[in-house]
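Heads up: the sequence shown begins at 11 in the numbering used here, then just goes up one per residue. The structure under discussion appears below in the form of structure tokens.
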Amino acid sequence: MLGNFSYCNPTKLYFGEGSLKYLKGELAKYGKNVVLVYGGGSIKKNGIYDAVIEILKECGKDVAEIAGVMPNPTLEKLYEGMEIARAHKADFLLAVGGGSVCDYTKALAVSVHCDEDPWEKYYLRFDEPTCEVVPLGCVLTMVGTGSEMNAGAVITNREQKLKIGHVFADESVMPRFSVLDPTYTLTLPHYQMVAGIYDIFNHICEQYFSGTDDNTSDYLAEGLMRSLIHSSRIANKDMQNYEARSNIMWTATWALNTLIACGKDTDWEVHMLGQAVGALTDATHGMTLAAVSLPYYRHIMPYGLEKFVRFAKNVWDVNGEGKTDEEIANEGLAKMEAWMKELGLVMNITELGANEGMLDELVKATLVMEGGYKVLSKEEMREIFRESL
Ligand code: NZQ
Ligand code: ZN
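Structure below.
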């Protein structure tokens with residue numbers, strides 16, 4: 011471990027079936043005016059909405075609602091929510107949903123009392139909040155992003171065709187608490203479940219594929235990947251398997267709550283490529299990552315060969331005997347590809363609505379990261395997108 015770091019994670023977690031009962035005690039810590047934030051209606055179908063409303067009533071809260079937060083939440087929706095939260099004089103924001111709802115609520119938390127335009131301030135200039143941040147909590151219903159225990163908030167600006175994530179340094183942007191009940195995820199469609207699983211896997215990869223030092227974070231990352239691969243295979247065949255789904259939920263949280271980034275540079279270029287696809291097509295986040303990953307990793311493999319050999323051996327159990335490093339690394343990626351196909355992930359961006367005519371726009375929308383094994387040129391990005399078609 012050669013890098014220096016500070017580590018603090020203030021989010022309290024309530025994990026397991028029935029954990030919603032702890033919501034009451036948490037809500038008691040905050041003022042009367044609560045804004046309940048949720049998505050397109052899944053929580054009304056599966057009963058989570060009713061259960062949460064009952065608790066809010068029992069706590070005597072005055073509740074305003076922001077409904078219809080879409081996957082890949084937009085800036086327009088953020089402006090709309092700011093009006094509602096301001097009019098309600100929000101003391102607390104309660105997110106009930108997946109990463110989109112949690113991210114949106116964080117963006118809202120830093121925008122309610124902000125007198126500048128939040129897009130300019132937080133997403134173009136990447137400033138930290140200088141105003142009061144409204145406290146928030148999450149009840150998670152979709153697994154993947156890690157938003158339940160981090161300070162990330164991704165917002166899409168449809169007009170500018172940009173999808174940008176800001177990981178705030180200010181810990182007050184993180185949820186004060188998150189309720190993680192794996193049974194809440196059992197109503198997810200298969201498509202969303204596997205997209206979330208790949209999102210988790212890629213979060214781990216983004217942090218793992220950087221640096222050359224011996225780092226505890228990499229051993230933790232390998233353990234998380236092995237657990238995820240194991241549980242994903244069970245859940246893929248038996249979506250109602252609580253043990254597998256609970257392991258996946260827990261892995262998702264630890265994959266992106268800053269722990270395995272400790273002492274690491276971290277890459278995040280797959281997310282930048284995927285977010286560009288998302289900005290132009292509005293496709294499901296995890297699928298955008300799946301569609302660009304293999305062309306990207308095959309491209310950077312020669313620059314980080316040692317780590318790709320380790321990945322093949324320690325994550326995919328590749329036997330290295332009598333093989334060159336390139337052969338071992340390629341075998342690891344081939345095993346990863348087979349697993350991705352087994353889950354039924356989308357393996358190309360064409361299926362997500364992208365086409366050759368969008369290549370220039372895709373490259374333009376992709377931010378360049380510098381922590382991985384190869385800093386991509388615009389030409390390399392274009393090639394990776396072309397190979398992902
Ligand atoms: O809107 P509803 O009706 O609730 O339906 C949602 C949505 O259509 C549905 N869903 C959620 N829980 C369900 C359910 N359907 C049935 N039963 C349930 N229990 O699932 C769909 C997808 O939900 P969404 O919240 O969009 O998915 P996800 O959790 O993958 O979040 C994606 C967003 O998070 C951002 C992504 O860019 C994207 O905007 N990310 C946030 C990160 C962070 N905060 O650190 C990191 C990630 O890399 C990611 O970028
Ligand atoms: Zn992600």
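Positions of the beta carbon are idealized from the N, C-alpha and C atoms, including for glycine. In this text the structure is predicted, and so the values were computed from the model without any measurement.
Query	Result
Cβ separation of residue 375 and residue 88, assumed to be a contact under 8 angstroms, to the nearest whole Å	Actually they do not touch by this definition, with Cβ atoms about 19 angstroms apart.
Residue interval of the alpha helix (DSSP H) (run including residue 324)	315 to 324
CB of residue 270 within 7 angstroms of CB of residue 231, strictly	yes
8 angstroms Cβ shell around residue 330 - same chain, five flanking residues per side excluded	319, 322, 323, 338
Near the ligand NZQ: residue 363 beta-carbon under 6 angstroms from a heavy atom	no
For residue 398, three-class secondary structure by DSSP	helix
Counterpart residues of residue 147 in DSSP-defined beta bridges	104, 187
With 16 other Cβ atoms within 10 Å as the buried cut-off, status of residue 200	exposed
Residue span of the alpha helix (DSSP H) that contains residue 113, given as start and end	109 to 121
Which listed residue (180, 259, 211) has its alpha carbon closest to that of residue 198	259
Residue 268 beta carbon near the ligand NZQ (any heavy atom closer than 6 angstroms)	no
Identity of the residues DSSP links to residue 75 by a beta bridge	46
Cβ neighbours of residue 281 in the same chain (closer than 8 angstroms, five flanking residues each side left out)	175, 212, 216, 299
Separation of residue 263 from residue 144, as counted between CA atoms	23 angstroms
Touching by the beta-carbon criterion (3+ pairs, under 8 angstroms), the segment 97 to 108 and the segment 31 to 43	yes
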